[in-house]
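One structure is given here, and the rest of the page talks about it.
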Amino acid sequence: MRRLITIALLLIVGQATAGEQIIDVQHDSVRGVTCWILNNTGISCLPDNQLRQPSSVSNSPADEPTPASAPVARRDDERFQL
């Protein structure tokens, strides 16, 4: 019985494949979004303004501060007159 189960499992494993991952990228310029369709089963979309744009000035994105890490100019010295 064990031998029969082992042969059946080997046949099943031999037929199983990882499958090819297919990612189809679609851009909708009217709505301003880019979508990724995964194996015709799932879809993910992002607005174009949230996508990273390639920079021709800097080769390394680490050189430029991100909006979260950029220092914010504080205006503590503002004075008003009545």
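Under mature numbering (1 follows the signal peptide of the UniProt record, and there is no 0), residues -18 to -1, 1 to 64 are what the sequence shown spells out, in order. Positions of the beta carbon are idealized from the N, C-alpha and C atoms, including for glycine.
Could you check which residue in the options has the C-alpha nearest to that of residue i?
i, options, result
"ILE4", "ARG13, VAL15, ARG34 and ASN21", "ASN21"
Apart from the five residues on each side of it in sequence, which residues of its chain come closer than 8 Å, Cβ to Cβ, to residue i?
i, result
"ASP10", "THR16 and CYS17"
"LEU33", "THR16"
"ASN31", "GLY14"
Per DSSP, which one or two residues make a beta bridge with residue i?
i, result
"SER26", "TRP18"
Can you name, in chain order, every residue of its own chain whose Cβ lies under 6 Å from the Cβ of residue i, other than the five neighbours on each side?
i, result
"SER26", "TRP18"
"ASP6", "ILE19"
Using DSSP with H/G/I as helix, E/B as strand and the rest coil, what is residue i?
i, result
"ILE4", "coil"
Under the assumption that residue i contacts residue j (Cβ atoms under 8 Å), give the Cβ distance between them as a whole number of angstroms.
i, j, result
"PRO29", "GLY14", "6 Å"
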